[in-house]
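In the working numbering, the protein residues as written are 6 to 351.
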């Protein structure tokens, strides 16, 4: 009897309007080289990814979508969801574990693109690029424009010193900046190797010229930055959030910017996404916004795509991939039986 194919599904966001893959390289050639693997694109994500779309799959590569408990109802075959990126706040981890499904992320694929995006926002804010662009188009030239500031010699503080935060500090080493971080779980050795001072959150907020949020969204970090924290910032400081919207009180941030209590902000993430076009934050002229897209580069799609396709191949051989966030699932007997079946068929 012929071996049953190992089935991999991908979210429809990988496809353009013409039905073709809209990215240069997402690693599908790796799957093509495996005769025991076939892949397909699910039809729709609806409000969340439904079980009828993924129930017949062994692995699922997720560019977007939400994965609440309903996603995992009576899903017996699925063994892996590989997230395109590092965030997994859109996944019910407990439900995934109970369904014997690994949730894996790809931190190395987003490290450089997000770090470059943060630094890009630092430059754009510091040099008033967007204000200068508006003035030039309006024909007002230099009238009434604020001067920019240099990065050299200033203080950068990060909320979080993980995968992305460390890359930001590494790339900015030549700028002669003072580096601060607030991260209760940081390795002192890692911080020291990057010349980063580990301090408390009030110190990061009060002493930094640039505050960037790079920590994950957890119960601990939800609402971490609000009125009390913004009140500590310098009126000349810049605030950047490329992590997750709910870490920051968006209403408070909007008021702080409206009252010019800080100089400006760069925001890539929002409390609700997609953000409402009528959101008051979008009406302000001292904020640069982007649609949770700061990391979307050709290299990012290629690196994460290939990592996730390789994860699917590993599972098809009964192996456990790197960066499984719900590690409890690995100890479950029913999950181990799933993996054993793949090994037997390999």
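The beta carbon of each residue, even a glycine, is placed where N, CA and C say it ideally should be.
This one's a predicted model, so the numbers in the text were calculated from it and none came from an experiment.
- For residue 337, there is no enclosing beta strand (DSSP E), as DSSP marks it with neither H nor E.
- Taking C-alpha positions only, residue 177 is separated from residue 136 by approximately 24 Å.
- Using a 10 angstroms sphere on the CB of residue 157, the tally of other CB atoms stays under 16, which defines it as exposed.
- Collapsing the DSSP output to three states places residue 243 in a strand.
- By the neighbour-count criterion, in which 16 or more other beta carbons inside 10 Å mark a residue as buried, residue 62 falls on the buried side.
- One alpha carbon belongs to residue 250, the other to residue 277, and they sit about 7 Å apart.
- The shortest CA-to-CA distance from residue 313 to any of 57, 68, 58 is the one to 68.
- By the C-beta criterion, the segment 183 to 195 is judged to be in contact with the segment 203 to 211, since at least 3 inter-stretch pairs fall below 8 Å.
- Here the C-alpha atom of residue 236 lies approximately 13 Å from the C-alpha atom of residue 216.
- Bounds of any beta strand (DSSP E) do not take in residue 111, whose DSSP letter is neither H nor E.
- Around the beta carbon of residue 76, a 10 Å sphere encloses 16 or more other beta carbons of the protein chains shown; the residue is thus reported as buried.
- Residue range 98 to 103 is occupied by the alpha helix (DSSP H) that includes residue 101.
- With the rule of 3 Cβ pairs closer than 8 Å, the segment 32 to 47 counts as touching the segment 314 to 329.
- Here the C-alpha atom of residue 165 lies approximately 8 Å from the C-alpha atom of residue 191.
- Annotation note: the segment 241 to 318 contains the following uninterrupted beta strand (DSSP E) runs of length 3 or greater, listed N- to C-terminal: 243 to 246, 269 to 272, 292 to 294.
- Within the same chain, and ignoring the five residues on either side of residue 263 in sequence, the residues whose Cβ sits closer than 7 Å to its Cβ are 289.
- DSSP, reduced to helix, strand and coil, places residue 171 within a helical segment of the structure shown.
- Of the residues 203, 325, 74, the one whose Cα lies closest to the Cα of residue 98 is 74.
- Nearest to residue 160 by alpha-carbon distance, out of 148, 181, 33, 168, is 181.
- Among the bridge pairs identified by DSSP, residue 217 is matched with 163, 245.
- DSSP, reduced to helix, strand and coil, places residue 202 within a strand of the structure shown.
- For residue 230, no beta strand (DSSP E) run applies, since DSSP gives it neither H nor E.
- DSSP places residue 141 outside any beta strand (DSSP E); the residue lies instead in the alpha helix (DSSP H), whose first and last residues are 134 to 143.
- Across the structure, residue 265 and residue 291 are spaced so that their CA atoms are roughly 8 Å apart.
- One Cα belongs to residue 133, the other to residue 146, and the distance between them is close to 13 Å.
- In the three-state reduction of the DSSP assignment, residue 74 falls in the helix class, which pools H, G and I.
- Using a 10 angstroms sphere on the CB of residue 343, the tally of other CB atoms reaches 16 or more, which defines it as buried.
- The residues 19, 20, 33, in chain order, have a CB closer than 8 Å to that of residue 26 in the same chain once the five nearest residues on each side in sequence are set aside.
- The C-alpha of residue 173 is placed about 7 Å away from the C-alpha of residue 121.
- For residue 222, DSSP assigns no beta-bridge partner whatsoever.
- One alpha carbon belongs to residue 327, the other to residue 114, and they sit about 13 Å apart.
- The C-beta distance from residue 302 to residue 112 rounds to 16 Å, too long to fall under 8 Å, and the pair is not in contact.
- Judged by their CB atoms, residue 168 and residue 88 are not nearer to each other than the 9 Å cut-off.
- Between residue 255 and residue 286, the beta carbon gap of about 6 Å places them in contact (Cβ cut-off 8 Å).
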